[in-house]
Amino acid sequence: MSTSLADAGIEIRKSVLGADYVARSMQSANSFNGEFQQMLNTYCWGEIWTREGLPRQTRSLINIALMVALNQPNELRNHVRGALNNGVEVDAIKEVLMQSTVYCGVPLASLAFNAAMEELKELGITL
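Each residue of the sequence shown is one higher than the one before, counting from 103 in the working numbering.
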(Lines of atoms letter the chains of each structure in order from A and count residues from 1; the text may use other names and numbers.)
(Lines give C-alpha, C1' and ligand atoms only; values in the text may rest on other atoms or scores of the structure.)
Protein backbone atom coordinates (compact mmCIF):
# COMPACT_ATOMS: atom_id res chain seq x y z
CA MET A 1 0.00 0.00 0.00
CA SER A 2 1.20 3.47 -0.80
CA THR A 3 2.50 5.29 2.26
CA SER A 4 1.82 8.67 0.65
CA LEU A 5 -1.83 7.74 0.04
CA ALA A 6 -2.15 6.43 3.60
CA ASP A 7 -0.60 9.63 4.98
CA ALA A 8 -2.86 11.81 2.83
CA GLY A 9 -5.82 9.71 3.90
CA ILE A 10 -5.02 10.13 7.58
CA GLU A 11 -4.75 13.90 7.16
CA ILE A 12 -8.10 14.13 5.35
CA ARG A 13 -9.70 11.78 7.85
CA LYS A 14 -8.50 14.02 10.71
CA SER A 15 -9.77 17.10 8.90
CA VAL A 16 -13.22 15.60 8.31
CA LEU A 17 -13.85 13.49 11.41
CA GLY A 18 -11.57 15.22 13.89
CA ALA A 19 -8.09 14.37 15.15
CA ASP A 20 -9.41 12.89 18.43
CA TYR A 21 -11.75 10.50 16.61
CA VAL A 22 -8.97 9.34 14.28
CA ALA A 23 -6.51 8.97 17.17
CA ARG A 24 -9.00 6.74 19.03
CA SER A 25 -9.53 4.65 15.90
CA MET A 26 -5.82 4.28 15.29
CA GLN A 27 -5.10 3.47 18.96
CA SER A 28 -7.70 0.70 18.85
CA ALA A 29 -5.84 -0.95 15.96
CA ASN A 30 -4.44 -4.37 16.78
CA SER A 31 -3.30 -7.51 14.98
CA PHE A 32 -6.91 -8.32 14.08
CA ASN A 33 -8.15 -4.96 12.72
CA GLY A 34 -4.93 -3.06 11.98
CA GLU A 35 -4.97 -3.91 8.28
CA PHE A 36 -8.59 -2.72 8.13
CA GLN A 37 -7.56 0.66 9.58
CA GLN A 38 -4.75 0.85 7.03
CA MET A 39 -7.18 0.02 4.22
CA LEU A 40 -9.55 2.78 5.38
CA ASN A 41 -6.74 5.33 5.47
CA THR A 42 -5.29 4.34 2.11
CA TYR A 43 -8.30 3.58 -0.05
CA CYS A 44 -11.33 5.25 1.49
CA TRP A 45 -9.64 8.44 2.64
CA GLY A 46 -6.45 8.44 0.53
CA GLU A 47 -7.74 7.23 -2.86
CA ILE A 48 -11.31 8.53 -2.83
CA TRP A 49 -11.37 11.66 -0.67
CA THR A 50 -8.27 13.09 -2.41
CA ARG A 51 -9.91 12.91 -5.84
CA GLU A 52 -10.68 16.26 -7.46
CA GLY A 53 -13.99 15.27 -9.08
CA LEU A 54 -16.19 16.34 -6.15
CA PRO A 55 -15.73 18.91 -3.40
CA ARG A 56 -15.57 17.60 0.17
CA GLN A 57 -18.97 19.12 0.97
CA THR A 58 -20.59 17.03 -1.77
CA ARG A 59 -18.78 13.89 -0.64
CA SER A 60 -20.05 14.49 2.89
CA LEU A 61 -23.65 14.91 1.74
CA ILE A 62 -23.40 11.74 -0.36
CA ASN A 63 -22.10 9.84 2.66
CA ILE A 64 -24.99 11.08 4.79
CA ALA A 65 -27.48 9.80 2.20
CA LEU A 66 -25.64 6.48 2.00
CA MET A 67 -25.69 6.06 5.78
CA VAL A 68 -29.46 6.62 5.76
CA ALA A 69 -29.91 4.02 3.02
CA LEU A 70 -27.68 1.53 4.84
CA ASN A 71 -29.41 2.14 8.20
CA GLN A 72 -26.17 3.16 9.91
CA PRO A 73 -27.13 5.85 12.47
CA ASN A 74 -23.78 5.77 14.30
CA GLU A 75 -21.82 6.30 11.10
CA LEU A 76 -24.38 8.92 10.06
CA ARG A 77 -23.52 10.87 13.21
CA ASN A 78 -19.83 10.75 12.26
CA HIS A 79 -20.63 12.03 8.79
CA VAL A 80 -22.91 14.79 10.10
CA ARG A 81 -19.96 16.02 12.16
CA GLY A 82 -17.70 15.60 9.14
CA ALA A 83 -20.08 17.52 6.90
CA LEU A 84 -20.09 20.42 9.34
CA ASN A 85 -16.27 20.29 9.48
CA ASN A 86 -16.32 20.48 5.67
CA GLY A 87 -18.45 23.63 5.72
CA VAL A 88 -21.85 22.07 4.99
CA GLU A 89 -24.77 24.06 6.41
CA VAL A 90 -27.25 22.37 8.77
CA ASP A 91 -30.06 23.16 6.31
CA ALA A 92 -28.28 21.18 3.57
CA ILE A 93 -28.02 18.18 5.90
CA LYS A 94 -31.74 18.50 6.62
CA GLU A 95 -32.52 18.58 2.90
CA VAL A 96 -30.53 15.39 2.29
CA LEU A 97 -32.49 13.71 5.08
CA MET A 98 -35.77 14.97 3.60
CA GLN A 99 -34.88 13.58 0.18
CA SER A 100 -33.79 10.32 1.80
CA THR A 101 -37.28 10.00 3.26
CA VAL A 102 -38.71 9.64 -0.23
CA TYR A 103 -36.10 7.21 -1.54
CA CYS A 104 -35.28 5.20 1.60
CA GLY A 105 -38.55 5.32 3.51
CA VAL A 106 -39.93 7.00 6.59
CA PRO A 107 -38.56 4.50 9.16
CA LEU A 108 -34.94 4.91 8.01
CA ALA A 109 -35.28 8.66 7.65
CA SER A 110 -36.78 8.90 11.13
CA LEU A 111 -33.79 7.08 12.60
CA ALA A 112 -31.49 9.33 10.59
CA PHE A 113 -33.18 12.53 11.74
CA ASN A 114 -32.89 11.36 15.36
CA ALA A 115 -29.21 10.48 14.97
CA ALA A 116 -28.46 13.79 13.24
CA MET A 117 -30.29 15.77 15.91
CA GLU A 118 -28.37 13.93 18.67
CA GLU A 119 -25.07 14.76 17.00
CA LEU A 120 -26.00 18.40 16.40
CA LYS A 121 -27.10 18.74 20.02
CA GLU A 122 -23.86 17.15 21.22
CA LEU A 123 -21.96 19.68 19.11
CA GLY A 124 -23.90 22.51 20.76
CA ILE A 125 -25.93 23.44 17.69
CA THR A 126 -29.35 24.77 18.61
CA LEU A 127 -32.17 23.71 16.33
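Beta carbons: idealized from backbone N, C-alpha and C, even for Gly.
| What first and last residue would you give for the alpha helix (DSSP H) that runs through V190? | Counting along the chain, V190 falls outside any alpha helix (DSSP H), and DSSP gives it neither H nor E.
| Is the segment 179-187 in contact with the segment 154-169, if contact means three or more CB pairs nearer than 8 Å? | The segment 179-187 vs the segment 154-169: in contact.
| query | Excluding sequence positions up to five away, which residues of its chain have a Cβ less than 8 Å from the Cβ of T225? | reply | A small fix is needed here, since residue 225 is Leu in this sequence, not Thr. Correct list, in chain order: R183 and L186.
| Collapsed DSSP secondary structure at G120 in the structure displayed | DSSP, reduced to helix, strand and coil, places G120 outside both helices and strands of the structure shown, so it counts as coil.
| request: Answer with buried or exposed for L222, where buried requires no fewer than 16 other C-beta atoms within 10 angstroms of its C-beta. | output: By the 16-neighbour rule on beta-carbons within 10 angstroms, L222 is buried.
| query | Is the beta carbon of R158 sitting closer than 9 Å to the one on V118? | reply | It is a contact, given that the beta carbons lie within the stated cut-off.
| task | Put A131 into one of helix, strand or coil per three-state DSSP. | result | It is coil, neither helix nor strand.
| task | Given a cut-off of 9 Å, decide if V170 and C206 are closer than it, judged by their beta-carbon atoms. | result | Yes. Within cutoff.
| request: State the Cα-Cα distance for the pair N216 and L210, rounded to the nearest angstrom. | output: Going by the C-alpha atoms only, they are around 10 Å apart.
| For I87, which three-state DSSP category applies? | The structure shown does not extend to residue 87, since the chain is modelled only from 103 through 229, so no value can be given for it.
| query | In three-state DSSP terms, what is P209? | reply | In this structure, DSSP gives P209 a helical state, which the three-state scheme calls helix.
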